[in-house]
Amino acid sequence: MTDVTNLAADVTDFTSNVFLVTGDRTVLVDAGANFDVVSRVASRVDGLDAVVLTHTHRDHVGNIDAVREAFGVETWGYDPSHPAVDHEFGETVRLGDDDFSVLHTPGHKNDHVCLYAPTQEVCFAGDLVFANGAFGRTDLEEGDRRTLIRSIDRLLNAVDPTLAALHTGHGPSVTTDAYATVERAGQAARQW
1 MTDVTNLAAD VTDFTSNVFL VTGDRTVLVD AGANFDVVSR VASRVDGLDA
51 VVLTHTHRDH VGNIDAVREA FGVETWGYDP SHPAVDHEFG ETVRLGDDDF
101 SVLHTPGHKN DHVCLYAPTQ EVCFAGDLVF ANGAFGRTDL EEGDRRTLIR
151 SIDRLLNAVD PTLAALHTGH GPSVTTDAYA TVERAGQAAR QW
């Protein structure tokens with residue numbers, strides 16, 4: 001069974017959540033910024049197999065060079081032209097013990113993806129949606145509200161209504177009514 005730990009849960013500096021996913025393949029989902037993620041990883045595991053990026057905003061990739069150097073790992077992302085990305089995603093990526101579908105979900109940033117494991121009903125949503133039905137900013141470069149709404153709809157169509165866990169780029173993970181949380185985010189984005 002895949003285990004997921006948010007290494008940035010108690011960080012007060014501006015960063016994204018950083019999820020350590022352990023199992024057959026030990027992976028970081030996003031690297032965060034402005035804190036020592038390397039020591040937090042090293043205190044829990046002997047090494048990493050990869051880093052995967054939900055998108056390349058600075059708060060998600062600021063620690064990437066330190067992680068690459070410390071663990072000798074490469075990164076996977078949507079846009080291989082970005083310096084933080086070594087390899088472009090295929091249709092799926094292995095995190096822990098599970099294969100996650102890679103869903104391109106722009107609107108917050110052009111290279112944004114969500115990662116979904118239907119067997120475990122787990123989704124890493126990056127900055128597309130958040131707890132309580134919040135949604136990602138669209139006032140930054142590459143942001144677009146209509147595109148974000150289409151991406152939320154794409155996520156709703158891809159995940160099962162029994163979605164068990166929604167791990168977001170900021171704030172708490174959602175483990176109760178996760179599908180309804182995504183629905184609320186879509187409704188809220190349409191109202192703003």
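Letter by letter, the sequence shown follows residues 1 to 192 in the working numbering.
Yeah, the Cβ is synthetic: ideal placement off N, Cα and C, and Gly gets one too.
Assignment of S39 by DSSP, reduced to helix, strand and coil, places it in the helix class. For L28, the uninterrupted beta strand (DSSP E) run begins and ends at 27-29, by DSSP. Look at the beta carbons and you see the stretch 126-138 not touching the stretch 80-95: under three pairs across the two are nearer than 8 angstroms. Here Y78 carries a coil assignment [DSSP, helix/strand/coil]. With contacts defined by Cβ atoms closer than 8 angstroms, G126 and I152 do not form a contacting pair.
Here E91 carries a coil assignment [DSSP, helix/strand/coil].
Going by C-alpha positions, G77 is about 31 angstroms away from Q191.
Taking the Cα positions, A50 is about 20 angstroms away from N34. Contact between V67 and V37 holds: CB atoms are separated by about 6 angstroms, below the 8 angstroms threshold. Less than 8 angstroms separates the beta-carbon of G23 from that of D97. Our two residues, D30 and T147, have alpha carbons roughly 22 angstroms apart in a direct line. By the CB criterion at 8 angstroms, A189 and R150 fall outside the cutoff.
In the structure shown, the three-state DSSP call for F135 is strand. Beta-carbon to beta-carbon, T26 and L48 are separated by about 5 angstroms, close enough to satisfy the 8 angstroms threshold. Rounded to whole angstroms, the Cβ separation of K109 and H57 is 6 angstroms, and the two are in contact under 8 angstroms.
For S101, the enclosing beta strand (DSSP E) starts and ends at 98-104.
For N6, the uninterrupted beta strand (DSSP E) run begins and ends at 3-6, by DSSP.
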